[in-house]
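*Asks:*
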Amino acid sequence: MSPSPAEASATVLVVDDDERFRERLVRAFVRHGFQAQGAATTQAALGAARTLRPRYAVVDLRLPDGSGLELVRELKALDANTTVVVLTGYGSIATAVEAVRRGATHYLAKPADVDDILLAFAGATLPSGQEAALTHEVPSLARAEWEHIQRVLADCGGNISQAARLLRIQRRSLQRKLAKYPVPK
35 MSPSPAEASA TVLVVDDDER FRERLVRAFV RHGFQAQGAA TTQAALGAAR
85 TLRPRYAVVD LRLPDGSGLE LVRELKALDA NTTVVVLTGY GSIATAVEAV
135 RRGATHYLAK PADVDDILLA FAGATLPSGQ EAALTHEVPS LARAEWEHIQ
185 RVLADCGGNI SQAARLLRIQ RRSLQRKLAK YPVPK
């Protein structure tokens, strides 16, 4: 799904502290005809937003120098027409509601690819009354569990014992789960 001819020069700001993921998204948006720029922090994102004036923004929920939720509010204050999609490695209903309350038009769980984000952008910009024929796969329970374990393990710096304590499971059980291959979406 590419931007329409009228939006051929649409701008998108990708804000994520994971450099590989951010650069992959920026390259994918450029291939889809967008002018794309990445930022790793809220301060860098605000500076880029002031000069780029993005039509679209993709914002990670957790950033090293602040909350993605606060960044959503600040991006909307700069330009109320910016369509913002919030990404997170671990989602909850409370943060999804808060993201929308602060101005985000969509909330997606990682791993999301550029096609998922473009669907979210398209759904946010449909004319009033027009139904979106959009489909988005909900991850299986096993996949959601695997992603949650990976995030907790990353937050613990790879320390399996500490991650097991936080997850409230036996260390050996966690090791068995980690030995399995990633669960497909």
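Numbering (the working numbering), first residue to last: 35 to 219. Note that CB positions come from ideal geometry on N, CA and C, so glycine has one too. Every value quoted in this text rests on a predicted model; they were computed, and no experiment measured them.
For residue 101, list the residues DSSP reports as bridge partners.
*Replies:* Reading the sequence shown from its first residue, position 67 is the one you call residue 101. Answer is 96, bridged to residue 101.
*Asks:* Taking DSSP's pairing of strands, which residues face residue 72 in a bridge?
*Replies:* Along the sequence shown, one-based indexing puts residue 72 at 38. Its beta-bridge partners are 48.
*Asks:* Exposed or buried, which one is residue 112 when buried takes at least 16 other CB atoms within 10 Å?
*Replies:* Taking the sequence shown and counting its residues from 1, the one referred to as residue 112 is at position 78. Label assigned to residue 112: exposed.
*Asks:* Could you pull the DSSP bridge partners for residue 121 from this structure?
*Replies:* One-based indexing of the sequence shown puts residue 121 at position 87. Answer is 94 and 142.
*Asks:* Where residue 138 and residue 57 are concerned, what is the direct C-alpha to C-alpha distance, given to the nearest angstrom?
*Replies:* By 1-based counting over the sequence shown, the position of residue 138 is 104. By 1-based counting over the sequence shown, the position of residue 57 is 23. Spanning the two alpha carbons is a distance of roughly 22 Å.
*Asks:* Quick check on DSSP: helix, strand or coil for residue 214?
*Replies:* Numbered from 1 along the sequence shown, position 180 holds the residue referred to as residue 214. Residue 214 falls in the coil class under three-state DSSP.
*Asks:* Since residue 155 and residue 117 are thought to touch, with beta carbons under 8 Å apart, how far apart are those beta carbons, to the nearest angstrom?
*Replies:* To locate residue 155, count along the sequence shown from 1; it is residue 121. To locate residue 117, count along the sequence shown from 1; it is residue 83. Sure, about 6 Å apart at Cβ, within 8 Å.
*Asks:* Kindly indicate which three-state DSSP category residue 147 falls into: helix, strand or coil?
*Replies:* Translated into the one-based positions of the sequence shown, residue 147 becomes position 113. The answer is coil: DSSP assigns residue 147 none of H, G, I, E or B.
*Asks:* In chain order, what residues of the same chain lie with their CB nearer than 7 Å to the CB of residue 133, ignoring the 5 residues before and after it?
*Replies:* Position 99 of the sequence shown, counted from the first residue, corresponds to residue 133. Cβ within range, chain order: 103, 106, 120 and 141.
*Asks:* Could you work out which residue in 180, 192 and 194 is closest to residue 145 when comparing CA atoms only?
*Replies:* What you label residue 145 is simply residue 111 of the sequence shown in a count that begins at 1. Checking every option, the nearest Cα to that of residue 145 belongs to 180.
*Asks:* Out of 68, 87 and 185, point me to the one whose CA is closest to residue 143's CA.
*Replies:* Working through the sequence shown from its first residue, we reach residue 143 at position 109. Considering only alpha carbons, the answer is 185.
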